[in-house]
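Visitor:
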Amino acid sequence: MITLYDCATAPSPRRARILLAEKGIAHDTVLVDLMRGEQLGQAYRQINPQCTVPALRTDEGLLLTDNAAIAAYLEARYPQPPLLGSTPQDKAEIASWQWRAEFEGLLAIAEALRNSTPAMVNRALPGPVDYPQIPQLAQRGLARVQQFFTTLDQRLAGREFIAADQFSIADITAVVAVDFARVVKIKPSEQQPHLQRWRAAMGLRPSMSA
Numbered sequence: 391m392i393t394l395y396d397c398a399t400a401p402s403p404r405r406a407r408i409l410l411a412e413k414g415i416a417h418d419t420v421l422v423d424l425m426r427g428e429q430l431g432q433a434y435r436q437i438n439p440q441c442t443v444p445a446l447r448t449d450e451g452l453l454l455t456d457n458a459a460i461a462a463y464l465e466a467r468y469p470q471p472p473l474l475g476s477t478p479q480d481k482a483e484i485a486s487w488q489w490r491a492e493f494e495g496l497l498a499i500a501e502a503l504r505n506s507t508p509a510m511v512n513r514a515l516p517g518p519v520d521y522p523q524i525p526q527l528a529q530r531g532l533a534r535v536q537q538f539f540t541t542l543d544q545r546l547a548g549r550e551f552i553a554a555d556q557f558s559i560a561d562i563t564a565v566v567a568v569d570f571a572r573v574v575k576i577k578p579s580e581q582q583p584h585l586q587r588w589r590a591a592m593g594l595r596p597s598m599s600a
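Count along the sequence shown from 1, then add 390; that gives the number in this note's numbering.
(1) Nearest-angstrom Cα distance between V519 and L430?
(2) For A454 versus A466, is the C-beta spacing smaller than 9 Å?
(3) Which of helix, strand or coil does DSSP assign to P555?
(4) What span of residues does the beta strand (DSSP E) with R435 cover, start to end?
(5) Please report the distance separating the alpha-carbon of T507 from that of E450.
(6) With DSSP as the reference, identify every bridge partner of R589, one or two as the case may be.
(7) When you compare only the Cα positions, how much space is there between A500 and D456?
(8) Between which residues of its own chain and A571 is the CB-CB distance below 7 Å, once the five residues before and five after are set aside?
(9) Go through its chain and collect everything with a Cβ distance to P525's Cβ below 8 Å, but skip five positions before and after it.
(10) Would you tell me roughly how many angstroms separate the C-alpha atoms of C397 and L421, rounded to the nearest one?
(11) Near P403, what residues of its chain come up, given a Cβ to Cβ distance below 8 Å and the 5 sequence neighbours on each side ignored?
(12) Can you tell me whether L594 is buried or exposed, with buried defined as 16 or more other CB within 10 angstroms of its CB?
(13) Taking W588 as the reference, which of V566, K575, A461, K413 has the closest Cα?
(14) Cutting at 6 Å between CB atoms, please list the residues of its own chain near G475, excluding the five before and the five after it.
(15) What is the rounded straight-line gap between the Cα of R407 and the Cα of Q581?
(16) Contact check, H584 vs A547 under 8 Å by CB: the rounded distance?
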């Protein structure tokens, strides 16, 4: 049985949960309490030295410690429905927008949050190494998130999905980013009707409650 190391309140493992739900893959769950710093404890370090979630242990015993590896494995092992694309063109388009949703969306939000939250002093980056906060990065992160929302709204004009005319991992990552942005007090505005319509439609998918 596949095992997912998870945290219900964190955005990164939510991406893995939605992917597993969309593919209908049964799995066990082990909760890791990030608020209490369990990811930094010796017990979890023995499982995942990166001290991050999600982590996924496969049937074969392989441990995957990031969403990119988890998605690649699950898509290859359980190809239906295809969430990374089927044709070379679709695969490329989905990969491009997946990267943008991660880099321009999720990482920008994390930049704003981790460099401004008092509880994250010296934890400006996830993982086993402590890094100090840089307040200027928090301001830059907020500006990047606003631009990401504008980019998504423009992209979704006349589109049901972000890439390749199909629901894909790009939609999963973008949904998680849009929802996560609430922690830095940013949400889709009335001036972004395409983004609002898309997010409402995504909310109808059962996997989004995973």
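Ideal Cβ placement from N, Cα and C applies to all residues, glycine included.
Guide: If we stick to the structure as given:
(1) 10 Å
(2) At residue 454 the sequence reads Leu, which differs from the Ala that was named. Result no, Cβ atoms of L454 and A466 do not sit closer than 9 Å.
(3) In the sequence as presented, Pro is not what sits at residue 555; that position holds Asp. If DSSP states are grouped into helix, strand and coil, D555 belongs with coil.
(4) Unbroken run through R435 is the alpha helix (DSSP H), 432-437; no beta strand (DSSP E).
(5) The alpha-carbon of T507 is positioned some 39 Å away from that of E450.
(6) R589 is not bridged to any residue.
(7) 16 Å
(8) I499, V535, K577
(9) N505, S506
(10) 5 Å
(11) L394, Y395, D396, C397, V443, P444
(12) exposed
(13) Ranking V566, K575, A461, K413 by Cα distance to W588 puts V566 first.
(14) K481, I484, A554
(15) 31 Å
(16) Right, their Cβ atoms sit about 5 Å apart.
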